[in-house]
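Okay, structure first, notes after.
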Amino acid sequence: MKKSQKTLLAVGVATAMVALAGCSGGGNDTAAADFTTTPTGTLNAWGFDNADDVGTSRLDYAKAQLKDVDIKIDQTAFDAQKFTTRAASGSVPDIVQMDRQFVGTYAAQGLIQPLDKCFAAGDVDADERWYENVVDDVTYDDQMWGVPQFYQPPAIILNKKVMDAAGVTADQIDTSKPDVLIEAAKKMYKESGGNPTTIGFDPVATGQGELWMLGYGGQVIDDDGKPTLDDPNNVKAIEFLTELADAQGGFAKMKSFSDSFDTFGDNNQFVADQVGAQLNAQWYVNVLSPYADQVEIEAVPFRDQDGEPFSVTGGTAFVIPTGAKNPSAACQWALDLTSQDAWMAAGEARADTIAAKPGAINTGLFTGSPEADKAVREKFVGDSGNAGFDQTISTFYDVAAEGRSFGSSPAGQAIKSELNNAITSALLGDKTPEKALEDAQAAAMTAYTQAGGQ
Numbered sequence: 039m040k041k042s043q044k045t046l047l048a049v050g051v052a053t054a055m056v057a058l059a060g061c062s063g064g065g066n067d068t069a070a071a072d073f074t075t076t077p078t079g080t081l082n083a084w085g086f087d088n089a090d091d092v093g094t095s096r097l098d099y100a101k102a103q104l105k106d107v108d109i110k111i112d113q114t115a116f117d118a119q120k121f122t123t124r125a126a127s128g129s130v131p132d133i134v135q136m137d138r139q140f141v142g143t144y145a146a147q148g149l150i151q152p153l154d155k156c157f158a159a160g161d162v163d164a165d166e167r168w169y170e171n172v173v174d175d176v177t178y179d180d181q182m183w184g185v186p187q188f189y190q191p192p193a194i195i196l197n198k199k200v201m202d203a204a205g206v207t208a209d210q211i212d213t214s215k216p217d218v219l220i221e222a223a224k225k226m227y228k229e230s231g232g233n234p235t236t237i238g239f240d241p242v243a244t245g246q247g248e249l250w251m252l253g254y255g256g257q258v259i260d261d262d263g264k265p266t267l268d269d270p271n272n273v274k275a276i277e278f279l280t281e282l283a284d285a286q287g288g289f290a291k292m293k294s295f296s297d298s299f300d301t302f303g304d305n306n307q308f309v310a311d312q313v314g315a316q317l318n319a320q321w322y323v324n325v326l327s328p329y330a331d332q333v334e335i336e337a338v339p340f341r342d343q344d345g346e347p348f349s350v351t352g353g354t355a356f357v358i359p360t361g362a363k364n365p366s367a368a369c370q371w372a373l374d375l376t377s378q379d380a381w382m383a384a385g386e387a388r389a390d391t392i393a394a395k396p397g398a399i400n401t402g403l404f405t406g407s408p409e410a411d412k413a414v415r416e417k418f419v420g421d422s423g424n425a426g427f428d429q430t431i432s433t434f435y436d437v438a439a440e441g442r443s444f445g446s447s448p449a450g451q452a453i454k455s456e457l458n459n460a461i462t463s464a465l466l467g468d469k470t471p472e473k474a475l476e477d478a479q480a481a482a483m484t485a486y487t488q489a490g491g492q
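Structural data, given as structure tokens:
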């Protein structure tokens, strides 16, 4: 999985979709297809780019279950503008893989189908198959509109070499104790010529912004999908992030330095001791595993202001466009791809990959399904012989159960984009946190209205 995904012009996409709403009939009135459990014919899928061993093993499993279906996959990346163009022309694939934050947008505009009948036909109880917060990611107007997969919980990876040298302990890296955390970051922070050489604590403020807002008791999307970026508790989160950045050379210098990290390379920020602690999604443990003999890591959970472990969901989903020619095959294929048997096949494939690499560590799979996570962990994730990595892996598994949904909205991507803009402008000192969030709320509301929000 990539560190960040392509930022899309969500407001422009929302505007383009207003014209489509008139011919689609509106999201809330979209009729679901009648799904059968014995599909035949051709299935056209889109958005399945760069499938790794986890992806190809699941694709092989699902293909074996649909012997009477000819599966054709467009292995290019999902593109929002291309999707709306295809929807307008009536030339849509049967199933599409996309980021879950797009799901509410397309549901509101009637460009995708509700899937409650799909789950019923497949005898799937969504609340049993997936984490509650993962279900919430694809729920809009009291219906599910996507078949979710993956859930990358964030936690804080500790660089024990930097921490030990500075006399900082794991209990001081506690997001529920802002003053303690800032002091710990200052102890680990190093600079040369006024520029950072080691960031004590990297909060990844513009990549994990919604986590900080929700962790401070704030809200970015309400239960109806409306943006709430100007929530007073969001201001508190940005005020902390500003104080933390100012204690480490200022946001501009921190961001410039962190942008130079060799994140995926041999001289990444943990190997090079460029961070003392950093907020990361679970997949980054897998990136670090080839360097287990060069780094000393552990992890602690992100905690809310009450001191409780806290996580926010993220991942992709399969959706069935309105006008799909073979919705039954699309439904069954998506359910097969996210079944426990499929995930066990993926676990086997990943274990085989790791076995072929001496010293490699199995960091587990985070599927979006608690039962699948448990089964894969029990069968394939054992004692690696590296206590720090084992503790880190366990921490991520523990926090997966503590997740909350970012929320589902017709303007989900625009809301996230505007939140990041607000955080950036506030941390740079261009605006006060209150003003930055006020402006972001106004822009997000425009996108929400244009996308069909009421």
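Just so you know, we're using my numbering here: the sequence shown kicks off at 39 and counts up by one.
Glycine included, C-beta positions come from ideal geometry on N, C-alpha and C.
Source: prediction; values computed, not measured.
Return the CA-CA distance between residue i and residue j, expressed in angstroms with no decimal places.
i              : j              : result
alanine 222    : asparagine 364 : 57 Å
asparagine 459 : aspartate 436  : 31 Å
alanine 145    : glycine 253    : 28 Å
alanine 384    : aspartate 262  : 36 Å
glycine 475    : alanine 481    : It is worth fixing the name first, because residue 475 is leucine in this sequence and not glycine. About 10 Å.
glycine 65     : serine 296     : Here the model assigns glycine 65 a pLDDT of 43, short of 50, so the residue's position is not dependable, and the following value carries that caveat. Roughly 41 Å between the two C-alpha positions.
valine 242     : serine 366     : 41 Å
lysine 291     : glutamate 456  : 22 Å
threonine 376  : asparagine 171 : 16 Å
valine 162     : serine 129     : 29 Å
Judging by CA-CA distance, which residue of the options is the nearest neighbour of residue i?
i                 : options                        : result
aspartate 311     : Leu267, Val200, Phe299         : Val200
phenylalanine 340 : Ala362, Gly352, Gln316, Ile358 : Gln316
glutamine 148     : Trp183, Phe444, Thr376, Gly385 : The amino acid occupying residue 148 in the given sequence is glycine; glutamine does not appear at that position. Glycine 148 has its Cα closest to that of Trp183, out of Trp183, Phe444, Thr376, Gly385.
phenylalanine 239 : Gln139, Pro191, Thr213         : Thr213
phenylalanine 116 : Asp87, Asp98, Leu97            : Asp87
aspartate 269     : Trp250, Ala285, Ala283         : Trp250
threonine 207     : Asp137, Ser455, Gly255, Met226 : Met226
proline 192       : Val338, Gly450, Trp381, Asp379 : Val338
threonine 487     : Ser298, Leu326, Gln181, Ala452 : Ala452
aspartate 91      : Tyr99, Gly231, Glu170          : Tyr99
lysine 454        : Ala478, Lys473, Thr470, Lys469 : Ala478
phenylalanine 444 : Gly93, Phe140, Ala83           : Phe140
aspartate 179     : Asp260, Asp300, Ser127         : Asp260
glycine 450       : Ala126, Thr74, Thr177          : Thr177
Our contact map puts residue i next to residue j with C-beta atoms below 8 Å; I'd like the distance itself, whole angstroms only.
i                 : j              : result
threonine 266     : valine 258     : 6 Å
leucine 81        : isoleucine 109 : 5 Å
glycine 441       : serine 349     : 4 Å
threonine 143     : proline 396    : Wrong, their Cβ atoms sit about 46 Å apart, outside the cutoff.
aspartate 137     : threonine 430  : That belief does not hold up - the Cβ atoms of aspartate 137 and threonine 430 are roughly 26 Å apart, past 8 Å.
alanine 362       : aspartate 209  : Wrong, their Cβ atoms sit about 52 Å apart, outside the cutoff.
glutamine 190     : tryptophan 321 : 6 Å
leucine 196       : glutamate 336  : 5 Å
phenylalanine 188 : serine 327     : Contact flag wrong, Cβ pair sits at about 18 Å.
glutamine 370     : proline 77     : 5 Å
Answer with buried or exposed for residue i, where buried requires no fewer than 16 other C-beta atoms within 10 angstroms of its C-beta.
i                 : result
phenylalanine 121 : buried
asparagine 400    : buried
glutamate 416     : exposed
proline 359       : buried
serine 95         : buried
phenylalanine 302 : exposed
glycine 287       : buried
aspartate 174     : buried
asparagine 305    : exposed
lysine 264        : buried
glutamate 409     : exposed
asparagine 233    : exposed
alanine 485       : buried
serine 446        : buried
glutamate 248     : buried
Counting along the chain, where does the beta strand (DSSP E) carrying residue i start and finish?
i              : result
threonine 354  : 354-357
glutamine 316  : 313-319
alanine 337    : 335-338
tryptophan 183 : No beta strand (DSSP E) holds tryptophan 183; DSSP gives it neither H nor E.
glutamate 229  : 228-230
threonine 235  : 233-240
glycine 79     : 79-84
aspartate 87   : Neither: aspartate 87 is in no beta strand (DSSP E) and is coded neither H nor E.
First and last residue of the alpha helix (DSSP H) that includes residue i?
i              : result
glutamate 170  : 170-175
glutamine 429  : 425-438
aspartate 379  : 378-393
aspartate 91   : 91-103
glycine 142    : 141-146
isoleucine 453 : 450-465
lysine 199     : 198-204
isoleucine 259 : Per DSSP, isoleucine 259 belongs to no alpha helix (DSSP H) and is neither H nor E.
lysine 293     : 289-297
glutamine 119  : 118-127
valine 414     : 408-418
glutamine 307  : Note, glutamine 307: premise wrong, no alpha helix (DSSP H); not H, not E.
9 Å is my cut-off, CB to CB: does residue i come that close to chain C?
i             : result
aspartate 411 : No chain C appears in this structure, which consists of one protein chain only.
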